[in-house]
Amino acid sequence: MPRTATVRTAEPSTLYRIGAHPFLEAVQGGRVSASLLASADLRLGRRHFRHTTTTPGASSQPDDSAGVRRAD
C-alpha cells in the first residue's frame, strides 16, 4: 500500500501505526456515542488550524504545498 500520511512533530513523540484493515473497521463499523461527538465538536470548535513555519526569517504566509496543518 502506498504511503497515505506524513507526520511531523515539534517535540519528541510516539507515533502509532494502525493497519488499513483495523482502521477501516474502527471508522466504518462502530457507532459513536452522542456525548463523544459533542465533546469532539466542542474541542475542534475551539481550535484554529493554520499552516505555520518555524524557520527564522521565513514568510508567515500559509504554505499549501505540503498539506500539513498544525494546531496551535
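One gets the numbering used here by counting positions in the sequence shown from 1 and adding 38 to each.
We treat Cβ as the ideally placed atom computed from N, Cα and C, and that holds for glycine.
Open item on the list: Please report the distance separating the alpha-carbon of A43 from that of Y54.
Closed with: 12 Å
TODO: Go ahead and pull the three-state DSSP assignment for H89.
DONE: Unreliable placement is indicated for H89, whose pLDDT of 42 sits below 50; the coordinate value is still reported in the next sentence. Coil, per DSSP.
Open item on the list: Tell me the DSSP secondary structure of R81 in three-state form.
Closed with: helix
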